[in-house]
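Residue numbers (the working numbering): 141 to 571. Where is the CB? At the ideal position from N, CA and C, for every residue including glycine. A quick note: this is a predicted structure, and the numbers were derived from the prediction, not measured. The block underneath contains the structure these notes are about, expressed in structure tokens.
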């Protein structure tokens with residue numbers, strides 16, 4: 141891994157939180173992701189399943205975590221199974237986890253080779269009444285392929301049909317949404333790498349540059365700072381491209397007089413950052429561009445102040461909509477009749493701001509986290525309002541990542557990343 145090894149104290153805390161919520165005489169299993177094929181002998185770069193990483197720190201394929209708090213033998217209350225390594229694997233693929241290294245990384249004392257799984261698991265299942273399966277129930281999931289986790293669940297149900305079944309997801313949804321200090325520090329590192337990338341762009345972007353050249357500059361800066369690269373597919377959208385919310389082609393030339401919307405951020409140690417900035421290609425906002433930009437910035441600032449312990453997700457978004465409506469009225473994009481006659485299920489402001497203002501962020505860019513219960517301290521959210529005006533071939537979005545505090549306004553992990561019109565213009569003029 142490119143990142144510095146994480147203290148296993150984090151993973152020990154995470155397992156303790158999860159096991160505290162398990163039913164009596166229950167066992168929970170977590171599988172690593174597959175390595176996904178492309179064609180011939182080509183594969184996608186390996187990405188660890190974030191749940192097994194959250195609970196063990198094991199960042200390697202063919203890994204299984206078992207947690208059984210009521211196991212009769214103390215050594216079987218936490219067990220990690222890893223692929224047996226050898227000299228051949230070391231030569232062709234590189235270093236893999238030894239049993240000793242797996243303990244160092246995870247804090248788990250009992251490590252078995254994966255080849256021992258069926259035998260050990262059978263013995264543990266004779267003691268267990270309930271099995272926790274890790275199904276993907278994230279509100280944005282749209283998975284069509286069968287995962288390693290899916291295959292395990294089918295096989296386990298076939299072999300052990302008399303066991304009760306429970307879901308891991310509700311527990312993970314609750315505990316992963318509230319970050320530990322170590323997690324916030326890792327996310328701060330990801331945000332700091334993103335800052336370096338953005339500042340690099342302020343000295344690079346000018347009329348005539350291509351969107352993919354901007355992507356290349358960011359990739360260079362992220363990789364040289366020990367990130368694997370982008371936390372998600374980068375959106376680098378100049379001119380009217382900014383009105384495509386998930387524009388991914390990044391293949392157009394940036395023209396004089398246009399704005400360029402960049403939703404781009406680095407990962408670090410599997411933790412995401414999520415940044416959006418919109419800047420003028422030529423380094424100078426027009427009066428209209430600045431007015432729209434400052435309207436979005438004002439919504440972002442006001443929305444950030446609302447992210448407090450006790451805030452309800454649905455009410456928060458309603459209040460953000462009211463602030464956006466006021467700004468759109470000020471810009472002349474809406475009039476009072478539009479607001480008075482609006483459909484309550486699709487308010488007038490949605491014509492120009494059609495997505496949500498915030499989402500949880502962490503090990504996933506759209507992370508786990510409770511959405512129907514009050515917000516809590518140490519939840520981390522994006523704040524990302526936007527105004528999209530196709531008729532003016534302009535789209536503006538601004539986004540930061542913030543941590544809810546026990547008292548007062550959230551802490552902005554991206555506070556050092558340039559955001560004000562004057563600062564952006566000044567830095568672009570200095571190139």
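Give a yes or no on whether the C-beta atoms belonging to residue 352 and residue 391 are separated by under 9 Å. Start at 1 with the first residue of the chain shown, and residue 352 comes out as number 212. Start at 1 with the first residue of the chain shown, and residue 391 comes out as number 251. Against a cut-off of 9 Å, the Cβ pair of residue 391 and residue 352 comes out as a contact.
Using beta-carbon positions only, say whether residue 250 and residue 216 come within less than 9 Å of one another. The sequence position of residue 250 within the chain shown is 110, counting from 1. The sequence position of residue 216 within the chain shown is 76, counting from 1. If you check the CB distance, residue 250 and residue 216 come in under 9 Å.
Opposing strand residues paired with residue 450 [DSSP bridges]: Here residue 450 is taken as the residue at index 310 of the chain shown, counted from 1. Looking at the DSSP assignment, residue 450 forms no beta bridge with any residue, so it has no partner.
Sheet register partners of residue 204 (DSSP bridge): The residue given as residue 204 occupies position 64 in the chain shown. Here residue 204 is bridged, per DSSP, to 171, 221.
Compute the Euclidean distance between the alpha carbons of residue 518 and residue 317, then round it to the nearest angstrom. On the chain shown, residue 518 is found 378 positions in, with the first residue counted as 1. On the chain shown, residue 317 is found 177 positions in, with the first residue counted as 1. Rounded to whole angstroms, residue 518 to residue 317 spans 8 Å at the Cα level.
Burial state of residue 507 (16 or more Cβ within 10 Å): The count along the chain shown starts at 1 and reaches residue 507 at position 367. That one is buried.
Pull the bridge partners of residue 526 from the DSSP assignment, please. Reading the chain shown from its first residue, position 386 is the one you call residue 526. Within the DSSP bridge table, the entry for residue 526 names 537 as partners.
Where does residue 499 land, buried or exposed, given buried means 16+ other C-beta within 10 angstroms? Translated into positions along the chain shown, residue 499 becomes position 359. Here residue 499 is buried. Its C-beta has 16 or more other C-beta atoms within 10 Å.
Backbone secondary structure at residue 543 - three-state DSSP: By 1-based counting over the chain shown, the position of residue 543 is 403. Reduced to three states, the DSSP call for residue 543 is strand.
Residue burial classification, residue 513 (beta-carbon count within 10 angstroms, cutoff 16): Here residue 513 corresponds to residue number 373 of the chain shown, with the count starting at 1. Burial call: exposed.
Cβ-based neighbour list, residue 314, same chain, cut-off 7 Å, excluding 5 preceding and 5 following: Counting from one through the chain shown, the residue named residue 314 turns up at place 174. Closer than 7 Å at the Cβ level, and outside the excluded window around residue 314, lie 510.
When you compare the CB positions of residue 440 and residue 501, do they come within less than 9 Å of one another, or not? For the purposes of this step, residue 440 is taken as residue 300 along the chain shown, with counting starting at 1. For the purposes of this step, residue 501 is taken as residue 361 along the chain shown, with counting starting at 1. In this structure, residue 440 keeps its C-beta atom at 9 Å or more from the C-beta atom of residue 501.
Short of 7 Å in beta carbon distance, which residues of its chain neighbour residue 190, apart from the five on each side in sequence? Order them along the chain. What you label residue 190 is simply residue 50 of the chain shown in a count that begins at 1. Correct list, in chain order: 410, 503, 504.
Do the segment 542 to 561 and the segment 441 to 452 touch if we need at least three Cβ pairs shorter than 8 Å? Verdict: yes, contact present.
Measuring CB to CB, does residue 402 end up less than 9 Å from residue 420? Indexing the chain shown from 1 puts residue 402 at position 262. Indexing the chain shown from 1 puts residue 420 at position 280. No, the pair does not count as a contact, with Cβ atoms beyond the cut-off.
Output the distance between the C-alpha atoms of residue 489 and residue 475, rounded to the nearest integer angstrom. For the purposes of this step, residue 489 is taken as residue 349 along the chain shown, with counting starting at 1. For the purposes of this step, residue 475 is taken as residue 335 along the chain shown, with counting starting at 1. Their Cα atoms are separated by approximately 10 Å.
Rounded to the nearest angstrom, what separates residue 245 and residue 142 at their Cα positions? In the chain shown, residue 245 corresponds to position 105, counting from 1. In the chain shown, residue 142 corresponds to position 2, counting from 1. The straight-line gap separating the alpha-carbon atoms of residue 245 and residue 142 is approximately 15 Å.
So, using beta-carbon positions, are residue 165 and residue 269 closer together than 9 Å? The count along the chain shown starts at 1 and reaches residue 165 at position 25. The count along the chain shown starts at 1 and reaches residue 269 at position 129. In contact: residue 165 and residue 269 (Cβ atoms closer than 9 Å).
Going by other Cβ atoms of all chains shown within 10 Å of its Cβ, with 16 needed for buried, is residue 183 buried or exposed? As a first step, residue 183 is located in the chain shown; it is residue number 43 there, counting from the start. Residue 183 comes out exposed.
Buried or exposed (CB count within 10 angstroms, at least 16 for buried), residue 283: Along the chain shown, one-based indexing puts residue 283 at 143. With fewer than 16 other beta carbons inside 10 angstroms of its own, residue 283 counts as exposed.
Just verifying my parser: in three-state terms, what is the DSSP assignment at residue 412? As a working note, residue 412 is residue 272 in the chain shown. Here residue 412 sits in strand by DSSP.
For the structure I just gave you, are there three or more beta carbon pairs, one from the segment 416 to 435 and one from the segment 527 to 542, closer than 8 Å? For the pair of segments examined, the segment 416 to 435 was found to touch the segment 527 to 542: the number of CB pairs separated by less than 8 Å reaches three.
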